[in-house]
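Using full-length UniProt numbering, read the first sequence as starting at 1 and increasing by one per residue. Single-structure report; data block below.
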Amino acid sequence: MGRAPCCEKNGLKKGPWTPEEDQKLIDYIHKNGCGNWRTLPKNAGLQRCGKSCRLRWANYLRPDIKRGKFSSQEEETIIQLHRILGNKWSTIAARIPGRTDNEIKNYWNTHIRKKLVRMGIDPVTHRPRFDLLEISEIPNSSVTNEFLKVSAFG
DNA sequence: AATACCCACAACCGCCAAGAG
DNA sequence: CCTCTTGGCGGTTGTGGGTAT
């Protein structure tokens, strides 16, 4: 049995943030900055743990977040950085202005990874993998068919 | 129209590194 | 050194809104 999640102590709130909570957090940080996350919720009048506040600010409320659809340029940059860095999301995010590590990680997992797999590229190694190709995208030749048998079942 | 299914995203959790004492 | 606290990171998932049956 693992230890209790931090928010369950003291009956602190979990789950989606309400607009009222967002506003409290924004107001507080505008006045005081974001120095001490542990004491912030109490001072700002929020029934949240510091971790939850930090995450909400860093990934959603911070004023320098771009939001919205990723451009194809951004997508290409993410793929190239991931090829070099692997799942170092915060390092990747530091190279992509206005995007958070969480946002990039989500985008990778829900869009890019699947896209690479569909193209027959291993999303971990970034190398071709015929056993990941969708059948419809496999060239119809006996040579590739033989290759597939070997790489998928060998 | 009703229900089942899917998927994207916000937010969670556990772990660990850094810093203070 | 060691221990404790805190913030930051990466993996994972619950949920809600959209789509298919």
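Beta carbons: idealized from backbone N, C-alpha and C, even for Gly. If you're wondering where the values come from, they're calculated on a predicted model, not measured in any experiment.
Quiz item: So is residue 91 buried or exposed if we call it buried at 16+ other beta carbons inside 10 Å?
Solution: exposed
Exercise. Please confirm whether residue 25 and residue 44 have their CB atoms less than 9 Å apart.
Key: yes
Quiz item: Under three-state DSSP, which class holds residue 157?
Solution: The first residue shown for the chain is 1 and the last is 154, placing residue 157 beyond what the model contains.
Exercise. Tell me, please, which residues DSSP counts as bridged to residue 128.
Key: 121
Self-check item: Option in 126, 69, 74 with minimal Cα separation from residue 95
Solution: 74
Self-check item: Residues near residue 8 by beta carbon distance below 7 Å, same chain, minus five either side
Solution: Note that residue 8 scores a pLDDT of 49, beneath 50, so its modelled location is shaky and nothing firm can be said.
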